[in-house]
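Each residue of the sequence shown is one higher than the last, beginning at 81 in the numbering used here.
One structure is given here, and the rest of the page talks about it.
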Amino acid sequence: MTAQPASALVPILAQHIKGKTILVLGASPNSLGARFLEAIKPAEPGLVILGLRNETKAKEVASTLSPIPTRTFPVDFASFANVRTAAQQVLAMDDQIDVLVNNIGTMASPYYKTEDGFESQLQLNHLSFFLFTNLIMDKLIASNTRIVNITSEGYSLGGIRYHDWNFHDGEAYNPFLGYGQGKTGQILFASALAAKLGKKGILAYSVQPGHTRGTNLHSSWGPYTIEQLVGEMRRNGHAGAWNVPEPKSADENLANFVLAAFDPALERDNGAYIRDSKVIPLDDMEPWAVDERQQRKCWEFSERLVGQTFTYE
Ligand SMILES: NC(=O)c1ccc[n+]([C@@H]2O[C@H](COP(=O)([O-])OP(=O)(O)OC[C@H]3O[C@@H](n4cnc5c(N)ncnc54)[C@H](OP(=O)(O)O)[C@@H]3O)[C@@H](O)[C@H]2O)c1
C-alpha cells in the first residue's frame with residue numbers, strides 16, 4: 081500500500097468498487113461515513129444501504145449519492161432491542177452486502193447509561209456493533225463481506241475493564257478511558273472475526289481514520305479540552321502524546337476507509353489494524369488489543385453483555 085489520498089485511490093480501485101453493495105452504519109451528513117460514500121461515488125457502487133438513527137439525515141445523505149441507488153433503515157445503538165429490529169430489517173433485504181462499514185461512534189461523552197444499562201461509549205462504540213454484525217452474520221458469510229470497524233488510536237488510552245466496565249456506576253468514570261475501552265473492543269472484534277470466519281470468506285479490519293476536522297464528533301464530546309486528552313495520554317505513557325500530529329485532510333484520512341473496504345492486496349492481512357494507510361505491526365500496538373487471549377476474553381465479555389452467544393465452527 082502507498083499513502084495516497086482517497087481521491088487518488090478510488091480510480092485505482094474502481095474495478096473493486098463498481099457495482100458493490102456497501103452498508104454503512106452512521107453516515108450522517110459531514111461524518112466520515114458520509115464522506116467515504118461521497119469519495120467512492122465516482123466509482124459507481126451498485127447500492128448503498130444507510131443505517132442511521134435520524135431519518136431526515138438518512139434522506140439528506142441518500143440525496144447526495146443520487147443516482148447511486150440507496151436504501152435506508154433506522155437504528156439506534158443505545159438500545160439492543162432497536163439493534164435487533166434493525167438487524168431483522170437488513171436480513172429481510174434481498175441484497176448481498178459486499179462491504180459493511182461500522183462507523184457509528186461517540187467520543188469522551190459525559191457519563192450516562194444506555195437503556196440496557198451500559199456506559200454509553202462501551203455500547204455505542206462496541207457492544208451494539210458486536211450484536212448487529214453477529215445477528216446478520218449468515219448474510220455476511222453468504223456475501224463474503226469485508227467488515228470495516230472504524231476505531232481510533234484512542235484505543236491506546238485504555239483497554240477493556242473486564243471487571244468494572246461501568247466504572248463503578250460512574251464513580252470512577254474517566255471519559256477517555258471509556259473511549260479507549262470501546263475502541264479497543266472494535267479492534268479485538270475485527271481480529272476475532274478474521275480468526276473465526278476467515279475460512280468462511282469474511283475479511284475484517286479495524287481502522288483508525290486519523291484526526292479529521294469538520295465532522296460532528298465534537299457534539300458527543302463532553303466539557304473536556306484537547307489538553308485534558310493529551311494529559312491523559314501522557315499519564316498513560318502514550319508516545320503519541322508528546323508529538324500530537326496535526327489533523328490531516330478528510331481526503332487523506334479517508335484513504336484508510338477505501339483501502340480497508342476495497343484493496344485486494346490487504347486480503348493477506350485479514351484482521352489487521354490499519355492507520356496512516358498501513359497495516360500496523362502487532363508489536364507496535366498496545367498489548368491489550370492484540371493477542372488471541374484478549375480476543376477470546378473480549379468476545380466472551382461481549383456475548384455476556386449483549387446476552388447472546390455466537391459460535392462459529
Ligand atoms: N473525526 C475524527 O477525527 C476521528 C478520529 C478517530 C476516529 N474517529 C471515529 O470515526 C467514526 C466517525 O466519526 P465522525 O468523526 O465522522 O463523527 P460523527 O460525524 O459524529 O459521526 C458519528 C455517527 O455516529 C452516529 N451515532 C451516534 N450515536 C448514535 C446512536 N446512539 N445510534 C446510532 N447512531 C449514532 C451519528 O449519528 P447522529 O448524526 O444521529 O448523531 C453519526 O452518524 C467514529 O467511530 C469515531 O470514533 C473519528
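Positions of the beta carbon are idealized from the N, C-alpha and C atoms, including for glycine.
Per DSSP, residue 292 is not a residue of any beta strand (DSSP E), being assigned neither H nor E. Within the DSSP bridge table, the entry for residue 180 names 103 and 227 as partners. Restricting attention to 109, 108 and 120, the CA atom closest to the CA of residue 340 is found in 120.
Counting along the chain, the unbroken alpha helix (DSSP H) around residue 120 starts and ends at 112-120. Taking C-beta separations shorter than 8 Å and ignoring five residues to either side along the sequence, the partners of residue 252 in its chain run 244, following chain order. Taking the Cα positions, residue 94 is about 42 Å away from residue 311. For residue 353, the enclosing beta strand (DSSP E) stretches over residues 353-355. In this structure, residue 157 and residue 203 form a Cβ contact; the two beta carbons are roughly 7 Å apart against a cut-off of 8 Å. Annotation for residue 151: the continuous beta strand (DSSP E) segment containing it runs 150-154. Residue burial is scored here from C-beta neighbours: residue 214 has at least 16 other C-beta atoms within 10 angstroms and is therefore classed as buried. In the structure shown, residue 360 falls within a coil segment according to DSSP collapsed to helix, strand and coil. Straight across, the Cα-Cα distance linking residue 304 with residue 137 is about 27 Å. With respect to the C-alpha of residue 322, the residue from 329, 333, 307 and 331 having the closest C-alpha is 307. Residue 150 and residue 175 have their C-alpha atoms some 11 Å from each other. Ranked by Cα distance from residue 160, the options 130, 377 and 382 are led by 382. About 21 Å separates the CB atoms of residue 287 and residue 221; that is not less than 8 Å, and the two are not in contact. Judged by DSSP secondary structure, residue 163 falls outside any beta strand (DSSP E) and instead within the alpha helix (DSSP H) spanning 160-172. In this structure residue 274 is in contact with residue 351, their Cβ atoms being roughly 3 Å apart against a cut-off of 8 Å.
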